[in-house]
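Structure first, then comments.
Residue numbers (the working numbering): 5 to 133.
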């Protein structure tokens, strides 16, 4: 998940390190370790891999094509407010858990973006008529 450091306090990197240390460098939701390589099965269970890089495709035991991924822990704001950096508001989560938690917010933002583009398109169409 991209981060715009302009939206975070100057000591964000230190805050992030403190939260990762609190979590033992593991996702505080699914407990997967930071920076490991593996894959998730159809139930979302993470499996560690002997492969040493992400992006490698292979067939699992059930014959499904899987791709290895690298786990990168991110820091989630439970209230989505990047100015609220109280430790009780912050969680160390893997990509999957963070995206899952933010799914409703992402849907609302996407809907707002589509609405804005539609409105801008309508204004442009009116201007050329």
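C-beta atoms are modelled at their ideal positions from N, C-alpha and C, and glycine is treated no differently. None of the values given here were measured: they were computed from a predicted structure.
C-beta atoms of residue i and residue j nearer than 9 Å
i          : j          : result
residue 98 : residue 49 : no
residue 40 : residue 10 : no
residue 19 : residue 89 : yes
Cβ separation of residue i and residue j, assumed to be a contact under 8 Å, to the nearest whole Å
i          : j           : result
residue 46 : residue 68  : 7 Å
residue 81 : residue 93  : 6 Å
residue 72 : residue 42  : 6 Å
residue 44 : residue 100 : 7 Å
Residue i, buried or exposed, once every other Cβ within 10 Å from all chains shown has been counted against 16
i           : result
residue 77  : buried
residue 115 : exposed
residue 26  : exposed
residue 112 : exposed
Same chain only: Cβ atoms within 8 Å of residue i, ignoring 5 sequence neighbours per side
i           : result
residue 83  : 93
residue 110 : 103
Residues of its chain near residue i, where Cβ-Cβ distance is below 6 Å and the 5 sequence neighbours each way are ignored
i          : result
residue 95 : 32 and 80
residue 12 : 86
residue 60 : 72
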